[in-house]
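Here the structure comes first, spelled out in C-alpha cells, and everything after it is commentary.
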Amino acid sequence: MDKANALRQVTLERKTAEDDIANAWTPVSPPRLIPFSPEISLDEAEYTTTQTGNTSPGSDNISVNLLKAVWHIIGTHVRRLFEGCLSAGHHPKSFKEAEVVMIAKPGRRDLTEPRAWRPISLLSCLGKGLERLIARRLAWAAVHYSVLHPQQAGALPKRSATDPVTALIHDIEEAFARKKVATLVTMNVQGAFDTVMRNRLVLRLREQGWPDYLARWAGSFMGGRSARVRYQDTVTPSSPLQCGPSQGSPVSPILFLLYTEPIYRLGNPQGRFGYADDTAILSIGDTVDETTAMASSSIAEMVRWGAANGVSFDTKKTEVMHFFRSKLRTAPAVRHGDVEKHPESALRWLGIWLDSRLSFRLHVEKWAAKAKAVAYHLRGLTNTVHDPPPSAVRSAVRACVESVLLHGSQAWYQGRTRPRWTQPTKDLPSCNQHLIQIMTKAMNQAMRAVLPVWKTTPIAALHRESGVPPVDQLLDAGRLRFSARLKSLDEAHPLANRTRPPRKPAYHDLIKRRYQTQTENGFRTRLRRTGELLASCTRPKLVQRCFHQEQMPPLQMASKEKSADAFSRWVESLDPPTLMVYSDGSLSSEGAASYGFTIHQNNVPIFDGSGRLGSAEVFDVEATGALEGLRAALDVRESVTENIFICLDNLAVATCLRGTPSDSSQGVFLEFQALAASRGAIHVRWVPEHSDVPGNEQADKLAKAASSLPEPEGARPTLAYLRRIARQKPKEAFEAWWSTSAPEHYKRLNLKATTGSPPELSLPRAALHHLLAARSLHGDFAAYHERFDHVDARLVCSCGRRKAPDHIFYCRKIPPHHRMRLAPSPNAAVNLAIGKDFTKYIDLSKDSAFFGKICPRY
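So in UniProt numbering, the last spot in the sequence shown is 858, and the numbers never skip.
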C-alpha cells in the first residue's frame, strides 16, 4: 500500500490547481466561431462506443463486448445521454472515476525513479464512447478550421509521428542547398497532461472559437475527477485529482494539443514542429552563431509563455544539434534558462536519430540492432525439425523484424541517387550502400529463423523461399508506398505543402539573372524526390466520417443467390414511374478503364451512356458511372417526387456513395452526394454481379464496349491507380531480381519469386527442410559433406548408393507402389517434383518414410 500511495503522489499529484486562473468566463474575442453541432445520431453513438477494440473496462466492469451485445436495447438511450451531455456541457461523475494501473516503462532498470512508471487509467467504456466521439470531431475541426498549427501533430487524422521529422529534414536540406546552417532544439513539456489546468483550458477553447457548451463540457470533464491506484495486487482507496485530464481518455490528447497551441504561434512559427508533448524549434541562418542566438531567443520566449500559463519545460530533456555541410570551427551552446545546453553528436526525436550531416548511420545502427535482437530470439525458437510453422515465423518476421528494421525509412531513405548540392540537376550515388549492408545482416538472420535450412544456403535462395525481398527493395517499396501516401494527404498537411512543385521564378529582363534572387527554393530534397516517384493526382480533402440521422438498411443482407432473387422481386414491386439506373465499370487487359449505365423505367430501357477515364481502377469507373447515370436520370425525371434508384454491383462503391467518401475519386462521391441531397428521392442499392439482372448485364456490356473509346485529354490518374502501381512495382522488381540472381541449380526448377507467403511455408519444418535442401543442394548429401570436409558424415544411403538430392527418386529400397513415374524424362520429372509440383516430393518422402528409415542422416 505504501508503494502504491507513493506512486500516486509522484505520478498523479505532481501539479496542483494553484497555477490555474480564477475565472474562465471572462469576455473573449475569438477570430471566428467554429461550428460544432451538439446533435448526435444513433449511428455515430454506436460507432464510437462499440466499433473499437475490446479495451479493459473501468471500475464498472462493463466491457465493449457487453455493450455490443445489448446495444439494440440501450442504443437509443445512450444516444440521448451523449447528446444531452454535450448540449448541457456536462460529463457524468461515473465516467470520471478511474482505476490507474502503474506499468513500468520498457528498458527502465531503476524502478525507484518516478519517471520509470507510466500511469494508465482504466475508464468506463461507455464514457469513453462519448469522449471518443468528441475527440474525433475536435480533431477534424481543429485541422479543417486551422485551429492548430499546421506542423502540430498527434491525435490528428493523417498526421503520423514521422511526419514532423520528415518535414524537418526537408527544411534542413533546403537550408544546405542555400549554403546555410541550422540549429535544432528539442524540448519536452514537463508533466504533459498534468500541466493542463481546468479553467485555463476552458478559456483557451473559448478564445479559439469553440462553442460555449463544448467549453463547459471540457470544464466538467476536467473537474471532479477521482482515481484509485492499482500496483500489483494492491489497490488504494479512491480519492480526488486536482488537475490534468486522464491518461487513458481518448479526448485527452486533442485537448492537450489545443491547450498548448499558442506555443507554435510564437516567433519563427515556420520553424516550429510538435508531436504531443514533444516540440522542436529549427533556426536557419548564415552562421552557427546566428542560429544559436535565434534558438536561445526562441527558448526564452517559450519559457516566458510557460511561466505565464503554468507550463514548464524539462531542462534535462532539452537537446541541441547544429546541422552543417562544412565543418564548424566552433559549436556554441544554447541557453535554456540558467542552463547551457551543448550540442549533441546525435539526437533522437520522435524515434529518428539525427546527426549533423544527415547521414543517419546511427539511426540505422540502432534500429538494426533492435531488429537483429528479435531475429536472434526467433532463431532460438526454431530449428530444422521442430517448433513453429514456417508461415507463422514469417508473419512474425514481417511484423516484428521488418517493421523495426525499416522504422522511419520514409524520413531518411533517399533512394539510389541524390542531386548534387551545387548542381541539383546532376545526380550522384546516394551513399546508402553501407547502411543497407548493416540492415541486410539483421534481415539474413530473420530469414534463417523462417526457413529450416543449413547456414551455408545461398542468400538469394533464402529471399525466394521466405518471400522476403532484399533490403534495398524493401526500402524502395516503402518509398513507393510513402509516395502514394503523399498523394492522399490534404492541402493543410505540412508534407503536402512541401511536395508541391515550386513555381517558376519570375525574372526581370533589365537585370542579369545571376543578380536576381529566387523567391522559392526548388532543390529536389529527398521528400520531393519521393513525391516524384508517382504521377500527381487530384488531392483529396480531409472529410468527416459520414453518419446518418436515420438507421440505414445494410446494402447486403443475404448470400449472392438469395440477394439476386430478392432484388428481382423488389424490382417487380416498384411503381411504374420509378427510374432504375444500372451502372457498371470495366478494366480491360490493356488497362483501359471505362464505365456504362442504362436507365430503366417500368423494366424498359429508356436511356444509356458510357465513357472512358484515364489511368484508373474499376472502383473509380464504377463511381463515375453511378454519377453520370444519376445526372442523366435527373434530366429524364419528370417530377421531383419520382424515385431514382442507383443500382451497381460494387459493394465498396455503393457504401461510399451513401456514406463516407473514399480518398480515391473523392470529388465524384461528394458531387453524387450533393446531387442526391439537393434533388431528393434518390437511393443507392446493391445488385449481385452476373446474376442475370437485365439492367446490370446491359450496363456491363456498355462498359466493356467503351474501353475502345479514346482516353480523355488531360486525364489525371486516380489515387487508387497510383496505390496499385505502388504495390505492383515492388513485386515486379523482386521477380526481375530473382530472374538474374537465382543460383544456377535453381534456374532449372523455373520457380518464380513472390512477395507473399510462398505455398511451401505451409509444410511442416522437417518436410520443408528436406525440400529446400534438395533445391539448394545444401543438405545431407555426399557432395556437400565432401565439399566442406565433414569427415564424420554418413555419405551413403542404406541401399549403398551415395546420398544426392535426387536419390529419393532412384533408391532401390523405396517400395514400387510408392515410386514416382519419371515422365516425360527423368530430369524434367525430378525438377518438377522438387520445384513447382513439390507436393509429389513431400508425399513420396512421407509415404516411404525415406528420411526416417531408409536414408537417415546418422
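Heads up, the beta-carbon is just placed ideally off N, CA and C, and yes, glycines get one too.
In the three-state reduction of the DSSP assignment, residue 347 falls in the strand class. Nearest neighbour of residue 236 by Cα position, chosen from 227, 243, 244, turns out to be 227. Contact check for residue 753 against residue 732 fails: the beta carbons are separated by 7 Å or more.
Taking 7 Å as the cut-off, the Cβ atoms of residue 90 and residue 246 do not count as close. The secondary-structure analysis by DSSP pairs residue 103 across a beta bridge with 118. Considered as a whole, the stretch 301-389 harbours 319-323, 334-336, 339-341, 346-349, 352-355 as its complete beta strand (DSSP E) runs of no fewer than 3 residues, in chain order. For residue 444, the uninterrupted alpha helix (DSSP H) run begins and ends at 433-450, by DSSP. Annotated as proximal: residue 408 and residue 162, with beta-carbon spacing under 7 Å. Residue range 604-612 is occupied by the beta strand (DSSP E) that includes residue 608. In the structure shown, residue 77 falls within a helical segment according to DSSP collapsed to helix, strand and coil.
Assignment of alpha helix (DSSP H) within the stretch 393-419, counting only whole runs of 4 or more residues, yields 409-412 in chain order. Distance between residue 62 and residue 102, taken at the CA atoms: about 21 Å. Taking the CA atoms as reference points, residue 31 sits about 15 Å from residue 261. In this structure, the beta-carbon distance from residue 99 to residue 251 does not fall below 7 Å. Under DSSP, the beta-bridge partners assigned to residue 601 are 579, 604.
Of all alpha-carbon atoms in 394, 579, 597, 576, the one lying nearest the alpha-carbon of residue 586 is that of 597. Between the stretch 442-459 and the stretch 409-423 there are fewer than three C-beta pairs closer than 8 Å, too few to call the two in contact. If you keep only unbroken alpha helix (DSSP H) runs of at least 4 residues inside the stretch 522-566, you get 526-531.
Straight-line spacing of the CA atoms in residue 22 and residue 198 works out to 10 Å. Following the DSSP letters along the chain, one finds residue 221 in no beta strand (DSSP E) but inside the alpha helix (DSSP H) bounded by residues 212-222. Per DSSP, the beta-bridge partners of residue 683 are 645. In this structure, the CA atom of residue 693 is about 51 Å from the CA atom of residue 33. With three or more CB-CB distances shorter than 8 Å, the stretch 604-616 counts as touching the stretch 682-702. Taking a C-beta distance under 7 Å as the contact criterion, residue 183 and residue 311 do not qualify as a contact pair.
Contact check between the stretch 626-633 and the stretch 663-672: three or more CB pairs, one atom from each, fall below 8 Å, which counts as touching. Inter-residue distance for residue 845 and residue 808 is about 8 Å (C-alpha atoms, whole angstroms).
Three or more pairs of CB atoms, one per stretch, sit closer than 8 Å, so the stretch 342-355 contacts the stretch 315-327. Residue 572 is bridged by DSSP to nothing; it lacks a bridge partner.
With contacts defined by Cβ atoms closer than 7 Å, residue 757 and residue 394 form a contacting pair. Between the alpha carbons of residue 361 and residue 537 lies a distance of about 34 Å. DSSP links residue 231 through a beta bridge to 234.
Distance between residue 767 and residue 725, taken at the CA atoms: about 37 Å.
When 80, 244, 116 are compared, the shortest CA-CA separation from residue 18 is found for 244.
The closest CA to that of residue 551, considering only 95, 26, 47, is found on 47. Bridge pairing for residue 678: absent [DSSP]. Non-local beta-carbon contacts of residue 150 in its own chain, meaning distances under 7 Å to residues more than five positions away in sequence, involve 492, 494 in chain order.
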